[in-house]
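Worksheet: the structure to be examined is printed underneath.
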Amino acid sequence: MKMGTALLYDEEMTKYKLLWVDPVCKIEVPERLTVSHEALVKTGLADRCIAVPVREATDADILLVHSEEYLEAVKTTPYMTLEELMEFTLQHGDVYFHPNIYHCAKLAAGATLQLVDSVMTGKVRNGMALVRPPGHHSMRSAANGFCVFNNVAIAARYAKQKYGIKRVLIVDWDVHHGQGVQYCFEDDPSVLYFSWHRYEHQKFWPQLRDSDYDSVGKEKGAGFNINVPWNKVGMKNSDYLSVFCHVLLPIAYEFSPDLVLVCAGFDSAIGDPEGEMRASPDIFAHLTHLLMNLAGGKLCAVLEGGYNLTSLHQSVCQTVQTLLGDPAPRPANLDGPCTSALESLHCVRAAHKQYWSCLKHAAELPTSDVSTKCIKLAEEEEKQKTGEVEKSAEEETWPEPPKRLAPPVSTALVLPEGVACPDGCKRFSSSEDPVIVNKLREKFLTDSDDSDALTTLSSLTALVEKMEKNEIGNGLALVRDVSMAMMCVVQHAATAHHDRVLIVCVGDAVVSSQGTDDGKTLLVQFSNKESEEQKGKFHIPVCLKKGCSDVSGFTQAVLGLLLPLGYEYDPSLVLLVRAPGSGLSDGAWQQLTGLLQGLAQGHTLVLMQEGEKACVGPTASSLLGVAAPPLGKLHAPLPEDVEALERLRLGLQADWKLLRTTAPETGGGEAPFFGSEIS
Ligand code: X5A
Ligand code: ZN
Numbered sequence: 001m002k003m004g005t006a007l008l009y010d011e012e013m014t015k016y017k018l019l020w021v022d023p024v025c026k027i028e029v030p031e032r033l034t035v036s037h038e039a040l041v042k043t044g045l046a047d048r049c050i051a052v053p054v055r056e057a058t059d060a061d062i063l064l065v066h067s068e069e070y071l072e073a074v075k076t077t078p079y080m081t082l083e084e085l086m087e088f089t090l091q092h093g094d095v096y097f098h099p100n101i102y103h104c105a106k107l108a109a110g111a112t113l114q115l116v117d118s119v120m121t122g123k124v125r126n127g128m129a130l131v132r133p134p135g136h137h138s139m140r141s142a143a144n145g146f147c148v149f150n151n152v153a154i155a156a157r158y159a160k161q162k163y164g165i166k167r168v169l170i171v172d173w174d175v176h177h178g179q180g181v182q183y184c185f186e187d188d189p190s191v192l193y194f195s196w197h198r199y200e201h202q203k204f205w206p207q208l209r210d211s212d213y214d215s216v217g218k219e220k221g222a223g224f225n226i227n228v229p230w231n232k233v234g235m236k237n238s239d240y241l242s243v244f245c246h247v248l249l250p251i252a253y254e255f256s257p258d259l260v261l262v263c264a265g266f267d268s269a270i271g272d273p274e275g276e277m278r279a280s281p282d283i284f285a286h287l288t289h290l291l292m293n294l295a296g297g298k299l300c301a302v303l304e305g306g307y308n309l310t311s312l313h314q315s316v317c318q319t320v321q322t323l324l325g326d327p328a329p330r331p332a333n334l335d336g337p338c339t340s341a342l343e344s345l346h347c348v349r350a351a352h353k354q355y356w357s358c359l360k361h362a363a364e365l366p367t368s369d370v371s372t373k374c375i376k377l378a379e380e381e382e383k384q385k386t387g388e389v390e391k392s393a394e395e396e397t398w399p400e401p402p403k404r405l406a407p408p409v410s411t412a413l414v415l416p417e418g419v420a421c422p423d424g425c426k427r428f429s430s431s432e433d434p435v436i437v438n439k440l441r442e443k444f445l446t447d448s449d450d451s452d453a454l455t456t457l458s459s460l461t462a463l464v465e466k467m468e469k470n471e472i473g474n475g476l477a478l479v480r481d482v483s484m485a486m487m488c489v490v491q492h493a494a495t496a497h498h499d500r501v502l503i504v505c506v507g508d509a510v511v512s513s514q515g516t517d518d519g520k521t522l523l524v525q526f527s528n529k530e531s532e533e534q535k536g537k538f539h540i541p542v543c544l545k546k547g548c549s550d551v552s553g554f555t556q557a558v559l560g561l562l563l564p565l566g567y568e569y570d571p572s573l574v575l576l577v578r579a580p581g582s583g584l585s586d587g588a589w590q591q592l593t594g595l596l597q598g599l600a601q602g603h604t605l606v607l608m609q610e611g612e613k614a615c616v617g618p619t620a621s622s623l624l625g626v627a628a629p630p631l632g633k634l635h636a637p638l639p640e641d642v643e644a645l646e647r648l649r650l651g652l653q654a655d656w657k658l659l660r661t662t663a664p665e666t667g668g669g670e671a672p673f674f675g676s677e678i679s
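The numbering used here applies: residue 1 is where the sequence shown begins, and numbers increase by one.
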C-alpha cells in the first residue's frame with residue numbers, strides 16, 4: 001500500500017576534487033557524498049530504500065536549460081591541462097573544474113531525471129538523489145557556486161515535457177539563493193520557485209539584488225518566485241517553521257503542484273561554515289513531512305550544498321527517514337521566530353499579497369524598508385562592533401538527533417463488529433482490565449449499563465497507553481458518542497504520562513471547557529458557531545462561515561493557525577475528533593490527518609462517530625502515511641473567513657509566538673503585537 005522511496009547514488013560522483021589551492025572552493029569535497037551515503041547504510045535506511053540506477057543526462061536533457069555554447073565548452077574540460085582548467089574556472093564564479101567533473105555533472109543531472117521518472121511512473125512514491133556537483137547556482141551559460149548543470153531546473157522542464165504535468169513546485173532550502181533556478185523560471189508561472197537564503201542585506205554571496213524579497217517573478221511569472229532573505233545568521237527551527245507555515249505552505253497549497261522538487265541543501269543546518277545558521281538536523285524531518293502531502297506525495301529531494309560533514313549526514317538521514325514514512329521526532333527548541341526573521345516574513349508576505357489570495361490580508365510593507373537600505377546596514381555593522389564575540393560555526397556543538405523508532409504496529413483501529421478493518425491496519429480491542437472498567441463505568445456511564453460503549457472506552461484507554469509506550473503509532477476509533485469518548489481519552493491521557501494533549505475538533509461536538517486552562521490540553525475547534533468564544537490561551541474556537549465545508553478557508557486555518565499552534569504547543573498526543581456532519585470533504589480531512597502526524601511523534605488518535613463508516617478507509621490510509629490526494633487549485637477563501645482568521649491570529653500572537661508574522665515595531669514599545677493588519 002505504501003509505495004517505496006528511491007535512493008540514487010553512484011560512487012563515481014565522488015571522483016573529482018579541487019586540484020589547486022582555493023579557500024572558497026575547499027569545502028566542496030568528495031567526502032560530502034561518501035559520508036552521507038555511509039550514514040544511510042549504517043542506519044539501515046539505505047536498505048529500506050529502492051536503489052535506482054543513475055544514468056548520464058543526454059545533450060537533449062542538458063539543453064532543456066543550458067545553451068549549446070556552454071555545453072560544448074564544458075565538454076572540452078576532460079581534455080584540458082591543469083593550467084587550462086584553472087583558466088576555464090576563472091571565467092565562472094566560485095566553482096572549480098576537474099577532468100572528471102563533466103562526467104559527474106552528467107550523472108548528477110541524470111540521477112535527478114531517473115528519480116523524476118521513478119516517481120512519475122509510480123515505481124516509487126518519493127525519493128532522494130545524492131549527487132555531486134550540485135546544481136542550483138548554475139545558469140544557462142555559466143557554472144557557478146560549485147554547480148555545473150542545474151539538476152533540478154532540468155528536472156522541472158523534463159517532467160513537464162515528458163509527463164505533461166502543469167505545475168511544478170521547487171522548494172530550495174539550501175542556505176544559498178539558487179539564482180540559477182530563479183533566472184530559469186522567472187517568467188514562467190508553471191514553475192513556482194521558493195528559496196530562503198542567507199542574504200545579510202546583500203552582503204552575502206552571491207550578493208545579488210535579485211535575491212531580495214521583492215524579486216517576485218516577471219510578466220506572466222509574477223508571483224511565482226518567492227525569496228525569503230535571511231538578514232542575520234543564527235536562524236533556528238522556529239524561524240524555518242514559521243516561514244513554512246506562513247509563506248510556503250499556504251502558497252503551495254493554493255498553487256497545487258503536480259510534482260515537488262526539493263533543492264535539498266543542508267548548509268542551512270547548524271554547524272555549517274557557509275550558512276552559520278542554527279537549525280537542528282531534525283528540522284529537515286519536519287520540512288520534508290510538511291511537503292509530503294502536496295502533489296499526492298510525489299516528492300524528489302536532490303542534494304545541493306552542506307559542508308559540515310556531521311550535520312550534513314545527520315540531515316540527510318532525517319530527510320530520507322521521513323520520506324520512508326517513519327514518524328518525525330518531536331521538534332526541539334521552538335521558542336518563536338527572531339525579530340529579523342519576522343521582518344523578512346513581513347516583507348515577503350507583503351510583496352506577494354497581490355498574487356495569492358491566502359495572503360490577501362497580510363500586512364502592508366513596513367514603512368522603513370528593512371531589506372536593502374544602507375541605513376539598516378550601517379546600523380547592523382555598529383551592533384556587530386559592540387556585540388559579544390560569537391561562536392564560529394565549526395565550534396558549534398549540538399546533540400545527535402534522537403533515534404526514530406517506528407512502532408511495531410503503525411495503525412490500530414477500534415471498530416464495532418461488522419465494520420471491516422482496512423488493509424495494513426490492526427483491529428484493536430483491549431483485554432478488559434477490571435479496575436479500569438470500573439473506573440470508566442463510574443465516570444462515564446453512571447446511569448446506563450451499555451456494555452458495548454464500555455468495551456469501546458476501555459479499548460481507547462488501552463490504545464492511548466500503548467501509544468505512550470510507542471507500541472502503537474496511531475489509531476482510529478468509531479464510537480457512539482465522540483464527545484464522551486473525547487473526555488474519556490483526555491482524562492485518561494493525563495494519568496498515562498501524556499504531558500500535553502492537542503485536541504483538534506472538526507465540527508460541532510460538545511466540548512466541555514473543564515480542565516482546558518491548565519495547559520495540559522490545547523483545544524482547537526473548527527466550526528461555524530459564531531457564539532463560541534475563546535476561553536483563555538488553551539481553548540481556541542476557529543469559526544468559519546461555512547464551517548469546514550469551504551476547503552480554501554479550512555486549509556488556510558490549518559496551515560496558518562493550527563500547525564504553528566501545534567508545533568509551539570508540542571503535544572505528546574494528538575486527539576483528532578470528527579463530529580458528525582462536519583461538512584469537511586474527505587480530501588481536506590486526509591490533508592489534516594496527514595499534516596498533524598508531524599506532531600507528537602505521529603501519535604494521533606482519531607475519533608469518529610459510528611455513522612461515518614465511509615470515512616474509515618480514507619482516514620486509515622492517511623494514518624498509515626499514504627499521501628492525501630491533492631485538493632486541486634484552491635479558489636479564494638471567503639473574505640469573511642480570511643478576515644476572521646487574521647483577527648484570531650492577531651489576538652493570539654501575544655501568547656503564541658509561532659503565530660507572529662510581523663516584527664514588533666522598534667522604538668514604539670507598546671502593544672507590539674496588536675498591529676493594524678486589518679483596518
Ligand atoms: C551548492 C552550494 C555554495 C557556493 C558558495 C560559494 N554552493 N561561495 O551550496
Ligand atoms: Zn548552498
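Don't be surprised by glycine CBs; every beta carbon is placed ideally from N, CA and C.
Quiz: which residues have CB nearer than 5 angstroms to the ligand X5A non-hydrogen atoms: 94, 134, 145, 146, 176, 205, 304, 305
Output the distance between the C-alpha atoms of residue 350 and residue 85, rounded to the nearest integer angstrom. Those two C-alpha atoms are separated by around 45 angstroms.
Does the pairing of the segment 102-112 with the segment 24-43 give three or more beta-carbon distances under 8 angstroms? no
Inter-residue Cα distance where the pair is residue 329 and residue 399: Roughly 13 angstroms between the two C-alpha positions.
Three-state secondary structure (DSSP) at residue 520? coil
What first and last residue would you give for the alpha helix (DSSP H) that runs through residue 151? 151-163
Just how far apart, CA to CA, sit residue 234 and residue 366? 23 angstroms
Are residue 544 and residue 557 touching if we call contact CB-CB under 8 angstroms? Taking 8 angstroms as the Cβ cut-off, residue 544 and residue 557 qualify as a contacting pair.
CB contact flag (residue 174, residue 113, <8 angstroms): no
Just curious, the alpha helix (DSSP H) that residue 66 is in, first and last residue? In the DSSP assignment, residue 66 falls outside any alpha helix (DSSP H), carrying neither H nor E.
Straight-line gap, residue 64 to residue 427 (C-alpha atoms, nearest Å): For the pair residue 64 and residue 427, the Cα-to-Cα distance works out to about 51 angstroms.
Tell me the residue span of the alpha helix (DSSP H) that contains residue 639. First-last of the alpha helix (DSSP H) with residue 639: 639-652.
Option in 223, 331, 289, 602 with minimal Cα separation from residue 254: 223
Nonlocal neighbours in the same chain, by C-beta distance under 6 angstroms from residue 504, ignoring five residues either side: 524, 576
Which first and last residues belong to the alpha helix (DSSP H) in which residue 444 is found? Residue range 434-444 is occupied by the alpha helix (DSSP H) that includes residue 444.
Output the residue ranges of the beta strand (DSSP E) runs that lie fully inside the segment 280-334 and measure 3 residues or longer, sorted by chain position. Every beta strand (DSSP E) of 3 residues or more that sits fully in the segment 280-334 is shown, in chain order, as 299-303.
If you reduce the DSSP assignment to three classes, tell me which class residue 270 lands in. coil
Since I believe residue 125 is in contact with residue 275 (beta carbons under 8 angstroms), could you give me their beta-carbon distance rounded to a whole number of angstroms? The pair is not a contact, with the Cβ atoms about 29 angstroms apart (cut-off 8 angstroms).
Segments of 4+ residues assigned as alpha helix (DSSP H) that fall wholly inside the segment 530-569: 551-557, 563-569
Proximity test, residue 274 beta-carbon vs the ligand ZN heavy atom, cut-off 7 angstroms: With a threshold of 7 angstroms, the Cβ atom of residue 274 counts as near the ligand ZN, since some heavy atom of the ligand is closer than that.
Same chain, Cβ closer than 6 angstroms to residue 375, five either side skipped, listed in chain order: Bear in mind that the predicted position of residue 375 carries a pLDDT of just 48, short of 50, making it unreliable; the figure below should be weighed with that in mind. Correct list: empty, nothing qualifies.
With a CB to CB cut of under 6 angstroms and the five nearest residues on each side skipped, what residues in its chain are close to residue 111? 8, 54, 129, 131
Does the distance from the CB of residue 337 to the CB of residue 238 come in under 8 angstroms? yes
How would you call residue 534, buried or exposed, if buried means at least 16 neighbouring beta carbons within 10 angstroms? exposed
Would you be able to state if there are at least three C-beta pairs under 8 angstroms between the segment 600-611 and the segment 300-319? no
For the alpha helix (DSSP H) containing residue 346, name the first residue and the last one. 339-352
Does residue 501 have its Cβ less than 8 angstroms from a Cβ in chain C? Absent here is chain C; the protein component of the structure consists of one chain.
Are the beta-carbon atoms belonging to residue 259 and residue 165 less than 8 angstroms from one another? yes
Please indicate yes or no: does the CB of residue 172 lie closer than 7 angstroms to some heavy atom of the ligand ZN? no
Quick one: grab the DSSP three-state call for residue 375. Model confidence at residue 375 stands at a pLDDT of 48, short of 50, so the residue's coordinates are unreliable; what they give is reported in the following sentence. Reduced to three states, the DSSP call for residue 375 is helix.
First and last residue of the beta strand (DSSP E) that includes residue 194? 191-198
The ligand ZN heavy atom lying under 7 angstroms from the CB of residue 267: yes
Would residue 318 be called buried (16 or more neighbouring beta carbons within 10 Å of its own) or exposed? By the 10 Å Cβ count, residue 318 comes out buried.
Would you check if the segment 197-217 and the segment 345-361 touch, i.e. whether three or more CB-CB distances between them fall below 8 angstroms? yes
Whose CA, out of 431, 26, 529, 501, lies closest to the CA of residue 519? 501
To which residues of the same chain is residue 245 closer than 8 angstroms at the C-beta, ignoring the five residues directly before and after it? Sequence-distant Cβ neighbours of residue 245 in its own chain, meaning closer than 8 angstroms and more than five residues away, are 559, 560, 563, 564, 567, 658.
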